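Novice:
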Amino acid sequence: MLKKYFKIETTPEDSDESNTIYIVNYMAVVRTFTYIFSRARISYDILNPEFLREMDEYAGAVIGDRHMLPVVRQRMEQYHYDGIFLATKDEEALNTLRETFHGKMFTVAQERHI
27 MLKKYFKIET TPEDSDESNT IYIVNYMAVV RTFTYIFSRA RISYDILNPE
77 FLREMDEYAG AVIGDRHMLP VVRQRMEQYH YDGIFLATKD EEALNTLRET
127 FHGKMFTVAQ ERHI
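The sequence shown begins at 27 in this note's numbering and counts up by one.
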C-alpha cells in the first residue's frame, strides 16, 4: 500500500538486520503520526486549582515585570539554599544569574535534539 501511494524505497541497499527496523503493524504507525501531529483540545479547567495558583505566582515572579533576581534572593534566604540549578536556553538569563550569584550557579551543558 505504501509503495502504491507514496514514492518511497522500502528497503535501502545497505539494509540488514543490524540497522533496519521492520514495521509489522502499520496501524500503530498511523496512530502515532495522528497523535503527534493532531492538536490537543484542552483547557485550564482540567488542572488542579492549587497548581494553577502556584503557576500564576511563578509567572508573576518570573515573567511579571521582569524582576526575577529579588525573588531568587528571597527564596535562597528563606529556604537556606546553597546554590541554584538553572536549565534554560536563554543565554542572557544564564549570564545575569552567574554574575549575580557567582559561585552558586550549577548548570549542565546540553545538546538538544528535536
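For glycine and all other residues, C-beta sits at the position ideal for the given N, C-alpha and C.
Predicted model only: the values in this text are computed from it and were never measured.
Evaluate Val-56 with the Cβ neighbour count: other Cβ atoms within 10 Å of its Cβ, from every protein chain shown; 16 or more gives buried, anything less gives exposed.
Specialist: Here residue 56 corresponds to residue number 30 of the sequence shown, with the count starting at 1. Using a 10 angstroms sphere on the CB of Val-56, the tally of other CB atoms stays under 16, which defines it as exposed.
Novice: So, for Thr-126: in the same chain, excluding its five sequence neighbours on each side, which residues have a beta-carbon less than 7 Å away from its beta-carbon?
Specialist: Within the sequence shown, residue 126 is the residue found at index 100, counting from 1. Same-chain partners within the cutoff: Leu-95.
Novice: Flag this pair as yes or no: are the beta carbons of Ala-113 and Val-97 separated by less than 8 Å?
Specialist: To locate residue 113, count along the sequence shown from 1; it is residue 87. To locate residue 97, count along the sequence shown from 1; it is residue 71. Taking 8 Å as the Cβ cut-off, Ala-113 and Val-97 do not qualify as a contacting pair.
Novice: Considering only their Cβ atoms, is the gap separating Ile-110 from Leu-123 smaller than 8 Å?
Specialist: Sequence index remark: in the sequence shown, residue 123 carries index 97 (1-based). Sequence index remark: in the sequence shown, residue 110 carries index 84 (1-based). Cβ distance < 8 Å, so Leu-123 and Ile-110 count as in contact.
Novice: Mind checking whether Tyr-84 and Leu-78 have CB atoms under 8 Å apart?
Specialist: By 1-based counting over the sequence shown, the position of residue 84 is 58. By 1-based counting over the sequence shown, the position of residue 78 is 52. Against a cut-off of 8 Å, the Cβ pair of Leu-78 and Tyr-84 comes out as no contact.
Novice: What separation, rounded to the nearest whole angstrom, lies between the Cα atoms of Ile-34 and Arg-65?
Specialist: As a position in the sequence shown, residue 34 is number 8, starting the count at 1. As a position in the sequence shown, residue 65 is number 39, starting the count at 1. Using only the alpha carbons, I get a separation of about 27 Å.
Novice: Name, in chain order, the residues that DSSP records as bridge partners for Ile-110.
Specialist: As a working note, residue 110 is residue 84 in the sequence shown. Ile-110 is bridged by DSSP to Met-131.
Novice: Whole angstroms are fine: how far does the CA of Thr-60 sit from the CA of Thr-37?
Specialist: Indexing the sequence shown from 1 puts residue 37 at position 11. Indexing the sequence shown from 1 puts residue 60 at position 34. Using only the alpha carbons, I get a separation of about 24 Å.
Novice: In this structure, how does DSSP classify Ala-66 when only helix, strand and coil are distinguished?
Specialist: In the sequence shown, counting from the first residue as 1, residue 66 sits at position 40. It is coil, neither helix nor strand.
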